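A.B. asks:
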Amino acid sequence: MAELYGYKRYEKSLGLLTTRFVSLLQKAHNGVLDLKVATDLLAVRQKRRIYDITNVLEGIGLIEKRSKNSIQWKGAGPDGNASEVGKKVNVLRKQINLLEQHEELLDKQMHWIEQSIKNVLDDSDNNEMTFVTEGDIKKCFKDDQILVLEAPLGADLSVGRVPSKEKETQFFLHVKSSEPVGVILLCDKEKEKLPNEDSMDAEVQKYIEQGDDISYQDCNYLLRLSPPVTKQDFSFSLHGTEGLCDLFDIPC
Numbered sequence: 039m040a041e042l043y044g045y046k047r048y049e050k051s052l053g054l055l056t057t058r059f060v061s062l063l064q065k066a067h068n069g070v071l072d073l074k075v076a077t078d079l080l081a082v083r084q085k086r087r088i089y090d091i092t093n094v095l096e097g098i099g100l101i102e103k104r105s106k107n108s109i110q111w112k113g114a115g116p117d118g119n120a121s122e123v124g125k126k127v128n129v130l131r132k133q134i135n136l137l138e139q140h141e142e143l144l145d146k147q148m149h150w151i152e153q154s155i156k157n158v159l160d161d162s163d164n165n166e167m168t169f170v171t172e173g174d175i176k177k178c179f180k181d182d183q184i185l186v187l188e189a190p191l192g193a194d195l196s197v198g199r200v201p202s203k204e205k206e207t208q209f210f211l212h213v214k215s216s217e218p219v220g221v222i223l224l225c226d227k228e229k230e231k232l233p234n235e236d237s238m239d240a241e242v243q244k245y246i247e248q249g250d251d252i253s254y255q256d257c258n259y260l261l262r263l264s265p266p267v268t269k270q271d272f273s274f275s276l277h278g279t280e281g282l283c284d285l286f287d288i289p290c
């Protein structure tokens with residue numbers, strides 16, 4: 039009987055201590071309270087009782103630890119309006135329900151997409167068309183530099199940025215494989231071969247403006263394709279009345 043009475047008295051004193059501790063915590067600046075200060079203010083002989091209270095409050099999400107001996111209150115303040123808190127809780131619950139519905143819709147759409155892909159891949163008539171061309175890849179990435187990697191199943195690939203002070207971002211590509219790996223750089227060859235249209239137009243316009251004032255020195259880069267005609271040389275064309283005997287020294 040004495041033990042039961044002692045337990046009830048301990049339970050009552052622990053409840054009062056919890057009420058005083060929570061009240062002190064709510065009045066603390068920014069809700070942050072040092073447990074050593076709380077122990078002194080509440081005149082608690084056994085710190086274990088304070089730790090029992092903090093463990094329960096932390097378990098139900100009313101406080102969080104800031105440091106080893108410091109905690110912060112996460113619940114409502116001492117002057118908080120219960121109706122306002124209830125309204126906020128209802129709003130949050132509605133938001134959670136909307137998010138859950140949106141998540142469910144996304145899951146359905148993902149399932150439909152996966153099933154559509156499976157149907158396409160399982161169709162034997164589509165096996166011959168399961169590839170992409172170089173042009174298809176270039177259309178997707180346009181002006182970007184494209185590296186196509188062909189590696190066996192199980193190869194490890196890692197891509198990251200190289201620390202650099204330069205403005206242009208540099209990347210590294212690390213591949214680990216037990217079998218040979220093929221890497222292809224896709225580039226627009228036709229675009230590289232074509233000269234710049236602006237430079238061509240400027241060059242043509244330059245010679246048009248010069249007209250007859252073009253000096254012979256400007257044409258030094260032109261090569262003569264044949265030597266000048268001399269008396270000993272023959273022309274490279276025949277008249278209608280001439281034949282091979284006139285072109286070459288052979289008897290007719």
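Going by my numbering, the residue at position 129 of the sequence shown is 167; the numbering climbs one at a time, nothing skipped.
Glycine residues also receive a C-beta, built at the ideal position from the N, C-alpha and C atoms.
Note that the coordinates shown come from a computational prediction; the quantities given were computed from them, not determined experimentally.
Counting Cβ pairs closer than 8 Å, one from the region 96-106 and one from the region 74-81, do we hit at least three?
C.D. replies: no
A.B. asks: Under the rule that 16 or more other beta-carbon atoms within 10 Å means buried, what is Leu144, buried or exposed?
C.D. replies: exposed
A.B. asks: Which full runs of the alpha helix (DSSP H) of 4+ residues lie inside the region 155-239, going along the chain?
C.D. replies: 172-179, 227-231
A.B. asks: Along the chain, which unbroken stretches of the beta strand (DSSP E) at least 3 residues long are found entirely within the region 62-108?
C.D. replies: 70-72, 101-105
A.B. asks: Confirm, please, whether the CB-CB distance from Leu185 to Leu223 is below 7 Å.
C.D. replies: yes
A.B. asks: Report back the beta-carbon spacing between Leu73 and Ile88 to the nearest angstrom; my notes put them in contact at under 8 Å.
C.D. replies: 6 Å
A.B. asks: To the nearest angstrom, report how far apart Lys46 and Asn135 are at their CA atoms.
C.D. replies: Below a pLDDT of 50, predicted positions are generally treated as unreliable, and Lys46, at 46, falls in that range; the measurement from the model is reported next regardless. Each residue's Cα considered, the two are about 43 Å apart.
A.B. asks: Taking the straight line between their C-alpha atoms, what separation do you get for Val197 and His149?
C.D. replies: Going from the Cα of Val197 to the Cα of His149 covers about 30 Å.
A.B. asks: Would you check if the distance between the CB atom of Ile101 and the CB atom of Ile109 is smaller than 7 Å?
C.D. replies: yes
A.B. asks: When the Cα atoms are used, what is the spatial distance from Leu137 to Lys112?
C.D. replies: 24 Å
A.B. asks: Buried or exposed, going by whether 16 or more other CB atoms sit within 10 Å of the CB of Leu63?
C.D. replies: With 16 or more other Cβ atoms within 10 Å, it is buried.
A.B. asks: Considering Cα atoms alone, identify which of Phe210, Pro218, Phe179 is closest to Ser191.
C.D. replies: Note on identity: in this sequence residue 191 is Leu, with Ser being the wrong assignment. Nearest option by C-alpha distance: Pro218.
A.B. asks: Let me check understanding here. Comparing Cα to Cα, which of Cys283, Arg131, Asp182, Arg104 lies closest to Asn68?
C.D. replies: Arg104
A.B. asks: Rounded to the nearest angstrom, what separates Asn165 and Ala240 at their Cα positions?
C.D. replies: 52 Å
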